[in-house]
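Trainee: Right, I'll just put the structure down here and ask away after.
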Amino acid sequence: MYEPIMNTEYIAFNVAEAREELNCLLSLLNGPQADELTEIGLRVSLAHAYHHINFAWNSRHTTRHQVENLQQSDFDKWRASPTDIDDWGYPGTLYL
């Protein structure tokens, strides 16, 4: 069975961006200013992380050229919630 080549460099970039956002959120939640987090702040932070996770999945088969010459239509498609993931498996399990 043919497996399309994945753009691991771009996937890694987006996962790192999502991780950075989530780490900042966790630092705030675990710090002395946790009570200052607003619902709007939480929404913005999680939306930013989701954006990069969605990008990582939806753009996984792109070429470097597509990434460097990003079109609005690709941006809109890549940022959308994935529609082709049915089963994430069991919590805490990574299927390779």
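Residue numbers for the sequence shown follow numbering that gives the first Met the number 0, so the first one is 0 and each next one is one higher.
C-beta: ideal position from N, C-alpha, C; glycine also.
Measuring straight from C-alpha to C-alpha, what distance separates A48 and F74?
Mentor: Along the sequence shown, read from residue 1 onward, the residue named residue 48 stands at position 49. Along the sequence shown, read from residue 1 onward, the residue named residue 74 stands at position 75. Near 15 Å, if we compare the C-alpha coordinates of F74 and A48.
Trainee: G121 by DSSP, collapsed to three states: which one?
Mentor: Any answer about residue 121 is impossible in this case: the structure gives the chain only from 0 up to 95.
Trainee: Under 8 Å: do the segment 6-23 and the segment 49-59 share three or more Cβ pairs, one atom per stretch?
Mentor: With the cut-off at 8 Å, the segment 6-23 and the segment 49-59 touch.
Trainee: Using three-state DSSP, classify S114 as helix, strand or coil.
Mentor: This structure cannot speak to residue 114, because the chain is shown only from 0 to 95.
Trainee: In this structure, does DSSP put I52 in helix, strand or coil?
Mentor: Residue numbering aside, residue 52 sits at position 53 when the sequence shown is read from its first letter. DSSP places I52 in helix when its eight states are reduced to three.
Trainee: May I have the straight-line CA-CA distance separating I10 from H64, to the nearest angstrom?
Mentor: Position 11 of the sequence shown, counted from the first residue, corresponds to residue 10. Position 65 of the sequence shown, counted from the first residue, corresponds to residue 64. When rounded, the distance between both Cα atoms is 15 Å.
Trainee: If you run the structure through DSSP and keep just helix, strand and coil, what is E67?
Mentor: Mapped onto the sequence shown, residue 67 falls at position 68. In this structure, E67 counts as helix in the three-state DSSP scheme.
Trainee: Ignore the nearest five residues each way along the sequence and tell me which others in H60's own chain have a CB closer than 8 Å to its CB.
Mentor: Numbered from its first residue, the sequence shown carries residue 60 at position 61. Correct list, in chain order: P3, I4, M5 and N6.
Trainee: Which residues bound the alpha helix (DSSP H) around T7?
Mentor: Indexing the sequence shown from 1 puts residue 7 at position 8. Looking at the DSSP string, the run of the alpha helix (DSSP H) that includes T7 is T7 to N29.
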